[in-house]
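Everything on this sheet refers to the single structure shown next.
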Amino acid sequence: DRKKDMFISGGENIYPAEIEKVLYGHTAVHMCAVVGIPDARWGEAGLACVVLKADTAVSAADLRAYMADHLAKYKVPKHIEIMDTLPISGAGKILKRELQIRFTKR
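Going by this note's numbering, the first residue of the sequence shown is number 7, and it counts up by one from there.
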């Protein structure tokens, strides 16, 4: 678990690896990444970027409900984006920084 991935939301330390572990437990999730993005009220808010397995359909609301059953309420990401792909490095790692930049500019 990478401590530098941690973000602070409303004064609480949030560790993305913990949230990602829960998401990977969902039968429809193929890949996921959780990052902190700026939020006017909380300082930072969680963003879960999720790629679903082929031939599965699940909504962001379904994923949020699943996470709420497995995580403390403050750890459930405020934003969930279902995506076709995630940015991946040549070494096969998810490029979380690119996701932060992309969704911060919205």
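Think of the CB as a built atom: it goes at the ideal place given N, C-alpha and C, for glycine as much as any other residue.
Notebook entry, point to check: Are the CB atoms of residue 55 and residue 87 nearer to each other than 8 Å?
Noted result: Yes, Cβ-Cβ distance for residue 55 and residue 87 is below 8 Å.
Next item on the list: Please report the Cβ distance between residue 12 and residue 20, rounded to the nearest whole angstrom; I am assuming they are in contact, meaning their Cβ atoms lie under 8 Å.
Entry: Your pair residue 12 and residue 20 checks out as a contact, with CB atoms roughly 7 Å apart and the cut at 8 Å.
Notebook entry, point to check: Leaving out the 5 sequence neighbours to the left and right, which residues in its chain are closer than 7 Å to residue 28 when beta-carbon positions are compared?
Noted result: Excluding sequence neighbours, residue 28 sits near 73, 76 and 77.
Check: What do you get for residue 83, buried or exposed, if any count of 16 or more other CB atoms within 10 angstroms of its CB means buried?
Finding: Only buried fits residue 83, as 16 or more other CB atoms lie within 10 angstroms of its CB.
Checklist line | Boundaries of the alpha helix (DSSP H) in which residue 105 is found, first to last residue | finding: Run containing residue 105: 102-110, per the alpha helix (DSSP H) assignment.
Check: Can you check whether the CB of residue 95 is closer than 8 Å to the CB of residue 48?
Finding: No, they are not a contact pair.
Next item on the list: Would you decide whether residue 97 is buried or exposed? Buried here means 16 or more other CB atoms lie within 10 Å of its CB.
Entry: Answer is exposed; the Cβ neighbour count stays below 16.
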